[in-house]
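Protein sequences, first through last, are from chains Y and E. One rule links them: number in the numbering used here = place in the first sequence (from 1) + 573. One rule links them: number in the numbering used here = place in the second sequence (from 1) + 14. Idealized CB from N, CA, C, for every residue including glycine. What you are looking at is a predicted structure, and each value in this text was computed from that prediction instead of being measured.
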Amino acid sequence: MSIWGVLIIAFLAGIEGVIDEWEFHQPIVACTLVGLATGNLVSGIALGASLQLVTLGWMNIGAAVAPDPALAAVVAAWWVSGPAHLPVAAGVILAIPLALIGQGLTQGLRKLIIPLVQQADVAAASGNLHRIDWILRLSVVLQGLRVLIPTALLMWIPSTWIHASYHLLPQVIQGGLRVSAGLLVVVSFAIVINMMATRQLWPFFFIGFALATDGHLSLVALGLIGVGLAILYLRLQDGGHHDNGGGGGTQADEDELDRELDDL
Amino acid sequence: MATEQTKPRQLTLGDQFLIFGRSGWEQAAWNYPRLQNLGFCYLMIPAIRRLYPDKQEAGEAAERHLALFNTMPYMQSLITGVTLSLEEDHANGKPVSAENISAVKVGMMGSLAGVADPVWWGTWRPILSAFAASLALSGFGIVGPLVFFIGWNVVRLAFRWIAQRWGYHQGLKVVTALSSGMLQKLTLGASIVGMFVMGAIVPRWTRVKLAPIIAMSAHGSLSLQGMLDRLLPGLVPLLLTLGCVWLLRRHVKPLWLLVGVFVIGLGGYWLGIFR
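Structure follows, in structure tokens:
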């Protein structure tokens, strides 16, 4: 029963990993669902949340393909929540090579699908819209199989082997894996920061960092401070433009703000 | 071409809803030479059926939407809306040529993707998913995944529907509205929140503990972690993150950073620096 559940989740995650709509392929959703299917919800959520922080910088932008969280999340969750009962940290580490395999499969399928897309050209030339519909629906199925088939193959490996081989690792490696799993998140953080960072935005990063080290502020409170700072920044920037333009539409409070700023 | 006597061809609300439903499958046939072309053609089909009863015209419309297309999938709804209004004009014989329609699509897809990728993938998804993960890890369990799934999809579906409707009603006016600098401002605002929240996430959600290296002195003993916590908590994650950003700027592949951090973790534990 749980095996079929995991395979259905693999199929959905495979579709989502490419279409990026409902986000079933994000670890926090996929691992939770696998935990649900295997009757081990707590470990599924724990892996999903930890792995989510590692993968949050992986994004498909333009024509580039990032490592694929879909295959990684489903298979790692099967090994953690399923009968192999690996610790969460081992699941996080194993997810990385799985994500690279998934990335390769995504790139491969984007080339393999070309003859199918050319069939759509033929259909369009004869005005057969119905056929175009079915070609796209067939591609959706192929995307699902892209993750379902490797998941099924990997689930073939007996859980006892996986369990036993992890426990064969010396204590120093097991501890090291735990530390590494906690550290890997910095790479994703760096990818996201690198994408946004400009000279004018770095101060906001450090303000956020400094405030977060005070454990009393919740993440919601921090978010509100962030939004407040952004609004203030944009408004002050506007004030400057109004000053230069000298045009209409300046409001009384903005003039006051400008005067105060001049005084400083 | 429609003659003056015939009723103008018009999309119904039902057609628009069908297209909205199809818009989410746009990337399923993503392929290398022409990217999202088949997906875009697929979502236009309900409109093609309504506007071009003639098989020849329908085929021509399908062919022009099979041309190369690629944008950020959610911004596609705005382009779809504008395209629908142009197709409607074209079908009713107004002065909108097939080339005009393709040119507008190509003109919008690049600029919208450039603005929207950092907002959706670079800011909103990392923030929402980090928030959800932090809920899950701090004892709220299933609430975390639910917050992410519901939060993401409500915002996404609402955005898609509103963008498609707005694009359809405004038509080409959208292009002028977008060039007013409003989008740039929105992106800047999102990036400020994004940088701020990433700064907050780095010390909170990097799990690293330094070993209690005891420095004996006349005043007693001190642990390295205790000293660091008093000086600046989260200093180790900060330095690691900034190091990774620095390497990314020098075009080091993220895969090598993952390998490097992995080795640092293993080695650090082996040497007794981390625990």
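Tell whether a beta-carbon distance below 8 Å holds between residue 683 of chain Y and residue 45 of chain E.
The sequence position of residue 683 of chain Y within the first sequence is 110, counting from 1. The sequence position of residue 45 of chain E within the second sequence is 31, counting from 1. Yes, they are a contact pair.
Can you tell me the Cα-Cα spacing of residue 708 of chain Y and residue 277 of chain E, whole angstroms?
Within the first sequence, the letter at position 135 stands for residue 708 of chain Y. Within the second sequence, the letter at position 263 stands for residue 277 of chain E. The straight-line gap from Cα to Cα measures roughly 46 Å.
Note the first and the last residue of the continuous alpha helix (DSSP H) segment covering residue 675 of chain Y.
Translated into positions along the first sequence, residue 675 of chain Y becomes position 102. Note, residue 675 of chain Y: alpha helix (DSSP H), 661-685.
DSSP state of residue 224 of chain E mapped onto helix, strand, coil
The residue you call residue 224 of chain E lines up with position 210 of the second sequence. Looking at residue 224 of chain E - three-state DSSP - the assignment turns out to be strand.
How close, in whole Å, do the beta carbons of residue 144 of chain E and residue 215 of chain E come, if the pair is a contact with beta carbons under 8 Å?
Here residue 144 of chain E is taken as the residue at index 130 of the second sequence, counted from 1. Here residue 215 of chain E is taken as the residue at index 201 of the second sequence, counted from 1. Right, their Cβ atoms sit about 5 Å apart.
Under 8 Å, Cβ to Cβ, is there at least one residue of chain E near residue 716 of chain Y?
Translated into the one-based positions of the first sequence, residue 716 of chain Y becomes position 143. Judged by the 8 Å Cβ criterion, residue 716 of chain Y is in contact with chain E.
Name the two residues that bound the continuous alpha helix (DSSP H) containing residue 288 of chain E.
By one-based count along the second sequence, residue 288 of chain E stands at place 274. Where residue 288 of chain E is concerned, there is no enclosing alpha helix (DSSP H), given that its DSSP letter is neither H nor E.
Given 8 Å as the limit, is there contact between the segment 621-630 of chain Y and the segment 755-767 of chain Y, that is, 3 or more CB pairs closer than that?
yes
Name the chain E residues whose beta carbon is nearer than 8 Å to that of residue 760 of chain Y?
Position 187 of the first sequence, counted from the start, is the residue given in the question as residue 760 of chain Y. In chain order: 258, 268, 271, 272, 275.
Does the beta-carbon of residue 301 of chain E have 16 or more other beta-carbons within 10 angstroms, so that it is buried, or is it exposed?
Residue 301 of chain E falls outside the range modelled here, since chain E spans only 15 to 289, and no answer is possible.
Can you check whether the C-beta of residue 216 of chain E is within less than 8 Å of a C-beta belonging to chain Y?
By 1-based counting over the second sequence, the position of residue 216 of chain E is 202. Yes, its Cβ sits closer than 8 Å to a Cβ of chain Y.
Every unbroken alpha helix (DSSP H) inside the segment 717-753 of chain Y [4 residues or more]
732-741
With residue 212 of chain E as the anchor, note down where its alpha helix (DSSP H) starts and where it stops.
By one-based count along the second sequence, residue 212 of chain E stands at place 198. Run containing residue 212 of chain E: 196-219, per the alpha helix (DSSP H) assignment.
Short of 6 Å in beta carbon distance, which residues of its chain neighbour residue 797 of chain Y, apart from the five on each side in sequence? Order them along the chain.
Within the first sequence, residue 797 of chain Y is the residue found at index 224, counting from 1. For residue 797 of chain Y, where only same-chain residues beyond five positions count, there are no Cβ hits under 6 Å.
Among the candidates E:134, E:129, E:93, E:135, whose CA atom is the shortest distance from the CA of residue 116 of chain E?
Along the second sequence, one-based indexing puts residue 116 of chain E at 102. For residue 116 of chain E, the nearest C-alpha among the options comes from E:93.
Close beta carbons around residue 719 of chain Y, own chain, < 6 Å, minus the five adjacent residues each side
Counting from one through the first sequence, the residue named residue 719 of chain Y turns up at place 146. Only 587, 678, 682 meet the Cβ criterion.
Which residues in chain E have a C-beta closer than 7 Å to the C-beta of residue 595 of chain Y? List them in chain order.
For the purposes of this step, residue 595 of chain Y is taken as the residue at position 22 of the first sequence. Simply 167.
In the structure shown, what three-state DSSP assignment does residue 597 of chain Y receive?
Walking along the first sequence from the start, residue 597 of chain Y turns up at place 24. Residue 597 of chain Y: coil per DSSP, three-state reduction.
Look at residue 55 of chain E and residue 76 of chain E and say whether their C-beta atoms are less than 8 Å apart.
One-based indexing of the second sequence puts residue 55 of chain E at position 41. One-based indexing of the second sequence puts residue 76 of chain E at position 62. Yes, the pair counts as a contact, with Cβ atoms nearer than the cut-off.
Is residue 114 of chain E helix, strand or coil when you go by DSSP?
Residue numbering aside, residue 114 of chain E sits at position 100 when the second sequence is read from its first letter. The answer is helix: DSSP assigns residue 114 of chain E an H, G or I state.
Sort E:196, E:172, E:107, E:207 by Cα distance to residue 804 of chain Y and report the nearest one.
Stepping through the first sequence from its first residue, residue 804 of chain Y is reached at position 231. Nearest of E:196, E:172, E:107, E:207 to residue 804 of chain Y, Cα basis: E:207.
Report yes or no: do the segment 640-659 of chain Y and the segment 139-157 of chain E share at least 3 C-beta pairs separated by less than 8 Å?
no
Measuring only the C-alpha atoms, how far is residue 646 of chain Y from residue 197 of chain E?
Position 73 of the first sequence, counting from 1, holds the residue named residue 646 of chain Y. Position 183 of the second sequence, counting from 1, holds the residue named residue 197 of chain E. For residue 646 of chain Y and residue 197 of chain E, the distance between alpha carbons rounds to 34 Å.
Quick test of your reading: residue 752 of chain Y and residue 279 of chain E, contact by CB under 8 Å. State the CB separation rounded to the nearest angstrom.
Taking the first sequence and counting its residues from 1, one reaches residue 752 of chain Y at position 179. Taking the second sequence and counting its residues from 1, one reaches residue 279 of chain E at position 265. Residue 752 of chain Y to residue 279 of chain E, Cβ: 4 Å. Contact.
Residues of chain E with CB under 8 Å from residue 769 of chain Y, in chain order?
Taking the first sequence and counting its residues from 1, one reaches residue 769 of chain Y at position 196. Correct list: 132, 136, 137, 205, 208, 209, 212.
From the DSSP secondary-structure annotation, give me the bridge partner or partners of residue 295 of chain E.
Residue 295 of chain E lies beyond the stretch modelled for chain E, which goes from 15 to 289, so this question has no answer here.
Per-residue burial, residue 737 of chain Y [other beta carbons within 10 Å of its own, 16 or more giving buried]:
Along the first sequence, one-based indexing puts residue 737 of chain Y at 164. Result: exposed.
If you follow the alpha helix (DSSP H) that residue 644 of chain Y is in, where does it begin and where does it stop?
Against the first sequence, residue 644 of chain Y aligns to sequence position 71. Counting along the chain, the alpha helix (DSSP H) containing residue 644 of chain Y begins and ends at 642-654.
Which residues, taken in chain order from the segment 23-50 of chain E, show a beta carbon closer than 8 Å to some beta carbon of chain Y?
38, 39, 40, 41, 42, 43, 44, 45, 46, 47, 48, 49
Inter-residue CB distance, residue 52 of chain E and residue 80 of chain E (contact presumed, cutoff 8 Å)
Here residue 52 of chain E refers to the residue found at position 38 of the second sequence. Here residue 80 of chain E refers to the residue found at position 66 of the second sequence. Correct: roughly 7 Å between the Cβ atoms.
How would you write the range of the alpha helix (DSSP H) that residue 170 of chain E sits in, first residue to last?
The count along the second sequence starts at 1 and reaches residue 170 of chain E at position 156. That run of the alpha helix (DSSP H) goes 157-184.
Residue 64 of chain E vs residue 36 of chain E beta-carbon contact at 8 Å:
In the second sequence, the residue the question calls residue 64 of chain E occupies position 50. In the second sequence, the residue the question calls residue 36 of chain E occupies position 22. In this structure, residue 36 of chain E does not lie closer than 8 Å to residue 64 of chain E by Cβ.
Within chain E, the residues that residue 667 of chain Y reaches when beta carbons sit closer than 9 Å:
For the purposes of this step, residue 667 of chain Y is taken as residue 94 along the first sequence, with counting starting at 1. Within chain E, no residue comes near residue 667 of chain Y; the closest Cβ sits about 12 Å away, beyond 9 Å.
Using the C-alpha atoms, what's the distance from residue 33 of chain E back to residue 608 of chain Y?
Locating residue 608 of chain Y in the first sequence gives position 35, counting from the first residue. Locating residue 33 of chain E in the second sequence gives position 19, counting from the first residue. Whole-angstrom Cα-Cα distance: 35 Å.
Same chain, Cβ closer than 6 Å to residue 188 of chain E, neighbours up to 5 away in sequence not counted:
By 1-based counting over the second sequence, the position of residue 188 of chain E is 174. Cβ neighbours of residue 188 of chain E beyond the five flanking positions: 96, 181.
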